[in-house]
Amino acid sequence: AYWLFGMPPEKIEVVIHPQSIIHSMVQYNDGSIKAQLGLPDMKLPIQYALTYPERLKNNFERINMPAIGSLSFLQPDMEKFKCLKIAYDVLDAGGTAPCVLNAANEIAVEKFLTGKIKFSQIPEFITEALNKIENHTAPSLDVIYECDNRTREFVKQLS
């Protein structure tokens with residue numbers, strides 16, 4: 100929301116939705132909310148993102164609302180969801196910090212998926228990278244590319 104719509108961080112609210120049926124919600128200034136609902140599968144949201152504003156026919160499984168029953172929402176626990184807290188901090192920091200977060204996360208997740216680290220180490224690796232890689236407040240595109248490369252190399256060396 101921050102990058103796509105220029106939404107200030109203090110207006111971005113994350114909620115935990117255990118059923119994973121709602122993929123996105125927007126609350127308008129009149130208080131009404133529009134939501135994109137679907138099965139817990141990203142095929143449809145990705146298809147729509149790639150074909151917007153058109154809606155393509157597909158053979159994806161359809162959602163059965165009565166079978167779902169109810170939808171619930173929880174406030175996120177920032178201790179449990181450490182990467183969410185990091186993301187908010189990075190938005191406040193600005194500069195190349197979002198680049199560091201993205202690059203560090205991609206390498207840390209790759210390490211997790213290949214069994215090299217535990218899931219709980221992902222936020223630790225991201226934090227180490229954010230502490231180590233200098234934050235440039237008004238970066239050029241070249242600086243962003245360099246930051247991305249340096250971060251990836253740094254996180255690859257962590258164990």
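Following the working numbering, the numbering of the sequence shown begins with 100 at its first residue and continues without gaps. Here a beta-carbon is modelled for each residue, glycine too, at the ideal position from N, C-alpha and C.
Return yes when the Cβ of residue j is within less than 8 Å of the Cβ of residue i, no when it is not.
i, j, result
"I115", "L136", "no"
"V189", "P197", "yes"
"A203", "V242", "no"
"Q185", "P152", "Reading off the sequence, residue 185 comes out as Ile, not Gln. It is not a contact, given that the beta carbons lie outside the stated cut-off."
"S119", "A134", "no"
"R161", "I206", "no"
Compare the Cα-Cα distances from residue i to each of the options and report the closest residue.
i, options, result
"R249", "K110, V199, E209", "V199"
"L270", "N163, P144, E252, P165", "Since the first residue shown for the chain is 100 and the last is 258, residue 270 is missing from the structure and cannot be characterised."
"Q174", "I132, V113, F159", "V113"
"A237", "G194, T226, F104, E245", "G194"
"D191", "F104, N234, D247", "N234"
"K181", "K210, F218, F211, P165", "F218"
"T226", "P165, S239, N201, L212", "N201"
"A228", "C246, K215, S131", "C246"
Which residue marks the beginning of the alpha helix (DSSP H) containing residue i, and which one marks its end?
i, result
"V189", "181–192"
"V125", "It is not in any alpha helix (DSSP H) - V125 instead sits in the beta strand (DSSP E) that spans 121–126."
"R249", "240–256"
"T150", "142–150"
"A207", "196–212"
"P165", "164–167"
"L103", "101–104"
With a cut-off of 8 Å on the beta carbons, I'd call residue i and residue j a contact; round off their distance for me.
i, j, result
"F224", "L257", "5 Å"
"S171", "P117", "6 Å"
"P107", "Y187", "That pair is no contact at about 12 Å."
"Y101", "I111", "6 Å"
"F159", "K179", "About 31 Å separates the two Cβ atoms, so there is no contact after all."
"N163", "Q146", "Not really, about 20 Å apart at Cβ, beyond 8 Å."
Taking the beta strand (DSSP E) that residue i falls in, what are its first and last residues?
i, result
"Q220", "That residue, Q220, is in no beta strand (DSSP E); it is neither H nor E in DSSP."
"H132", "Here the sequence assigns Ile to residue 132, which means His is not the residue at that position. Here the beta strand (DSSP E) through I132 covers 132–136."
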